[in-house]
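Residue numbers (my numbering), protein chains in the order written: chain A, 1423 to 1506; chain B, 29 to 413; chain C, 44 to 256.
By construction, the Cβ of each residue, glycine as well, lies at the ideal position given by its N, Cα and C atoms.
Quick caveat, the model's predicted, so the values are computed rather than measured.
Notes follow once the structure below has been shown.
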Amino acid sequence: MDELILTLKKQLIEALNLEDIQPEDIDTDTALFNDGLGLDSIDALEIILILEKNYGLRIDDPKEGMKVFYSIRTLAEYIEQNRK
Amino acid sequence: MTDIFVAGDNIISSLGFTAEENFSNLKNNITGIKIKDDGLLYPTAFPVSQVDSTRLEIEFEKIGNTNNYTRLEKMFILSITDALKQNKVDITSPRTVFIFSTTKGNIDLLEPTKKNLFEEDRLKLWGMSKEIAKYFNNSNEPIVVSNACISGVLAIVIAQRLINDGVYDNAIVAGGDIVSEFVVAGFQSFKSLSAEPCKPFDINRDGLSLGEGCATIILTNNQNLFNSTNRIKVMGGASSNDANHISGPSRTGDGLYFAIKNAMDDSGLTANDIHYISAHGTATSFNDEMESKAISWAKLNNVPVNSLKGYFGHTLGGAGAIESVIGIHSLRQNLLINTKGYSELGVPEKINVINETRHAELKNFLKIASGFGGCNAAVIFSKNE
Amino acid sequence: MNNNIYISKYCKINRFGVSVNNETIYQPTNEFTFAEYMKDAFKQQGFNYLKYFKMDNISKLGFLTTEILLKSTNLKEKYTNEEIGVIISNSNSTLDTDNDFNQTIIDRENYFPSPSVFVYTLPNIMIGEICIKNKIQGESTFFISEKFNADLTCSMVSNLLKSEKTKACIAGWVDLSVGVKEFDSFLMLIEKGKSENLIEFNKENLNKLHQIK
């Protein structure tokens, strides 16, 4: 699970162009959206793409996605539970 | 202020190759949106409104060599040719300018099967426009507006301003876009396409349907160049920006409200003077909600409003032009067209959505549009008996 | 006829460097890639706006040019949101970004269209980014022409400024070719009313300013 969490952080930093941020700067349990890391709706769609591309998981409704993506931890848990 | 008149118009779409043919299909509540399942534009099935390719080739062969022009160029040339038949505007005059509206032009030339069919400059929007202007022997540099989904409305507003300032006497405003793999993939990545034909303003709306096509509106300051019954004028217009988000509209509708208000001021009209609104109505959750707020803020709640996206789909750079032409014909025939796909109001503000085609005395109509980048535009047309 | 409209400031960016009112304020080192140039110039100006790093190449170019243009102009103290307009044009539209997006869909076996790339495949998004950062809500247009068209820029800006609704305009050219082989931007701040060191806003002056390297 820790390895997945680190990988996810790296994938997010790259896909979302998070400038000057290292994996250790992202707290695993802090909110990704609104305050926290300040991600927006386009970032949510990119995370959906990361799930599809790297983990074979499909989310069709972005609103459902926002619940799954509360934090890196909830994202990692979702992947662990659902991935093929 | 110079009077600026509509001297000719045309639509090329899934619903026909003249404005009359398109309008007739709308009157009969026929939609051009069909489920496409051949895996060509996108791996899985999706609803889309496309121009009949076979008919496009047949019609174009009558006026040009079909191998020398791209799909979109053929649509533009056919459309402009038809619109020019309706007046005596001199297309070769230096006082006549082309104003194009398109978001992606010949973007299908990026596809592997089309890569080397035309020279590189045809991928540039000015290159495409130059080729079309050359067909008509007009040597002015065409103006090319590329401003997301408001391009069509914006092109009409810019035409009106340039003619009013005496820069030109006539403007051939032509707006269009094709449905391409590029665009379908993009909108799918945004999860903004509905799996069924779109439902503007409806409580069950869940996304837009894509469409393609083009429309031409010829504007002139000289009313001797066309038949003078039912003269339609462009009264004024405006654009604005939400300054909120690049892909989502303002949550308050403030940007669109400013555009509507400024268009009315520019036209010397108030909310009481508007008899019909042709909305953008893409059927996404956010757009329709925002539009209802802007319409309400402008005190236009009771004005009959429709969206035509349920017939044509969202034709992007063509939308403002195609939908304005339908509005012009609505004025001429005193007919309000049904909002296909709509059955129950699903937006926060109570607006007066047209839910069946019916007669009404119409003199002034307002066309509005919003687009990616937070842009908004509004234009007002009036009928003079 | 001038109608009392003047260029109060202009900013240019190309491979040689960044200049304001024809004075060089930054030069990239030779080894810099475009991305490194845009990042270094941005930081050197002391700007702080994380969203900049999510933008595509051409939006970064337009955004950076505008931020430098507007620095110390007190624009929002002089004008309301709606009184400021933006008129920008270019030759390549967003072909550089279009190419990037196309790469995400060209292989049906590896088909992952990227929304964050797609959103930048419209040239007016650059205007959107400028408006969001500076809360500008007035008239705007993005148009395409083979080369910088001073005539058309002049006509469109003059039309806006002669009405009472628009009082200042950011206008000019921001272009970038596929693969960033070439790029250049030239943006002016145009206002009504005269004070010292202003340049009269007309077609000849626009062409002159654009030509200077």
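{"Check": "Where B/Pro122 sits in the DSSP three-state scheme", "Outcome": "coil"}
{"Check": "Integer-rounded CB distance, given that C/Glu125 should sit under 8 Å from C/Gln180", "Outcome": "5 Å"}
{"Check": "Supposed contact pair B/Asn404 and B/Ile178 - C-beta distance, whole angstroms, cut 8 Å", "Outcome": "6 Å"}
{"Check": "Contacting positions in the region 175-189 of chain C - beta carbon closer than 9 Å to chain B", "Outcome": "Ile175, Lys176, Asn177, Lys178, Ile179, Gln180, Gly181, Glu182, Ser183, Thr184, Phe185, Phe186, Ile187, Ser188, Glu189"}
{"Check": "Option nearest B/Ala73 by Cα separation, candidates B/Tyr97, B/Ile61, B/Phe128", "Outcome": "B/Ile61"}
{"Check": "Test: C/Ser136 CB closer than 7 Å to a CB of chain B", "Outcome": "yes"}
{"Check": "Start-end ranges of the alpha helix (DSSP H) lying completely within the region 46-87 of chain B, minimum 4 residues", "Outcome": "47-55"}
{"Check": "Neighbour-count burial assignment, B/Leu68, 16 or more Cβ in a 10 Å radius", "Outcome": "exposed"}
{"Check": "Alpha carbon of C/Lys235 to alpha carbon of B/Asn269, nearest angstrom", "Outcome": "21 Å"}
{"Check": "Neighbour list for C/Leu93 in chain A, Cβ cutoff strictly below 7 Å", "Outcome": "Glu1441"}
{"Check": "Test: C/Ser159 CB closer than 7 Å to a CB of chain A", "Outcome": "yes"}
{"Check": "Supposed close pair B/Ile200, B/Thr244 - CB separation, criterion 8 Å", "Outcome": "6 Å"}
{"Check": "Reference B/Ala266, options C/Thr184, C/Trp216, C/Leu252, C/Val217, closest by Cα", "Outcome": "C/Thr184"}
{"Check": "Contact list for C/Glu120 against chain B, beta-carbon separation under 7 Å", "Outcome": "The premise fails here: C/Glu120 is roughly 17 Å from chain B at the closest Cβ pair, so nothing lies under 7 Å."}
{"Check": "Which of helix, strand or coil DSSP assigns to C/Pro71", "Outcome": "coil"}
{"Check": "Closer than 7 Å at the beta carbon, the chain A residues around B/Phe218", "Outcome": "Leu1467"}
{"Check": "Sub-7 Å separation of B/Ile288 and B/Ala347 beta-carbons", "Outcome": "no"}
{"Check": "Partners in chain C for A/Ile1481, counting only beta-carbon separations shorter than 8 Å", "Outcome": "The contacting residues do not exist; A/Ile1481 stays about 13 Å from chain C at best."}
{"Check": "Residues near B/Met29 by beta carbon distance below 7 Å, same chain, minus five either side", "Outcome": "Asn192"}
{"Check": "Neighbour-count burial assignment, B/Ala35, 16 or more Cβ in a 10 Å radius", "Outcome": "buried"}
{"Check": "Beta-carbon gap between B/Val375 and B/Asp294 smaller than 7 Å", "Outcome": "no"}
{"Check": "Residue range of the unbroken alpha helix (DSSP H) whose run includes B/Pro332", "Outcome": "Not the alpha helix (DSSP H): B/Pro332 falls in the beta strand (DSSP E), residues 332-334."}
{"Check": "Delimiting residues of the beta strand (DSSP E) encompassing C/Ser159", "Outcome": "Note, C/Ser159: premise wrong, no beta strand (DSSP E); alpha helix (DSSP H) at 158-161."}
{"Check": "Distance between B/Gly264 and A/Ile1448 (C-alpha atoms, nearest Å)", "Outcome": "51 Å"}
{"Check": "3-residue-minimum beta strand (DSSP E) runs that sit fully inside the region 122-160 of chain B, ordered along the chain", "Outcome": "124-129"}
{"Check": "Reduced DSSP category for C/Tyr78 - H, G, I as helix; E, B as strand; rest coil", "Outcome": "Checking the sequence shown, residue 78 of chain C turns out to be Ala, not Tyr. The answer is helix: DSSP assigns C/Ala78 an H, G or I state."}
{"Check": "is_contact[C/Val223, chain A] using C-beta, thresh 7 Å", "Outcome": "no"}
{"Check": "Option nearest A/Lys1475 by Cα separation, candidates A/Gln1444, A/Gly1460, A/Ile1501", "Outcome": "A/Ile1501"}
{"Check": "Own chain residues within Cβ distance below 6 Å of B/Gln188, not counting five before or after", "Outcome": "Ile32, Val262"}
{"Check": "Neighbouring residues, chain A, relative to C/Phe9 (Cβ below 8 Å)", "Outcome": "In the structure displayed, chain C extends from 44 to 256; residue 9 of chain C sits before or after that span and is not available."}
{"Check": "Status (buried if at least 16 other CB within 10 Å, exposed otherwise) for A/Leu1497", "Outcome": "buried"}
{"Check": "From A/Leu1426, A/Ile1470, A/Leu1440, A/Asp1424, residue whose alpha carbon lies closest to that of C/Leu93", "Outcome": "A/Leu1440"}
{"Check": "Coarse secondary structure for B/Thr298, derived from DSSP in three states", "Outcome": "coil"}
{"Check": "Contact set for A/Ala1466: own chain, Cβ-Cβ below 8 Å, skip 5 residues either direction", "Outcome": "Phe1455, Pro1484, Gly1487, Met1488, Phe1491"}
{"Check": "Buried or exposed by the 16-neighbour rule on C-beta atoms within 10 Å, applied to C/Pro158", "Outcome": "buried"}
{"Check": "CB contact below 7 Å: C/Met44 versus chain B", "Outcome": "Because the pLDDT at C/Met44 is just 48, under 50, the model does not fix this residue reliably, and the value given afterwards should be weighed accordingly. Not an interface residue."}
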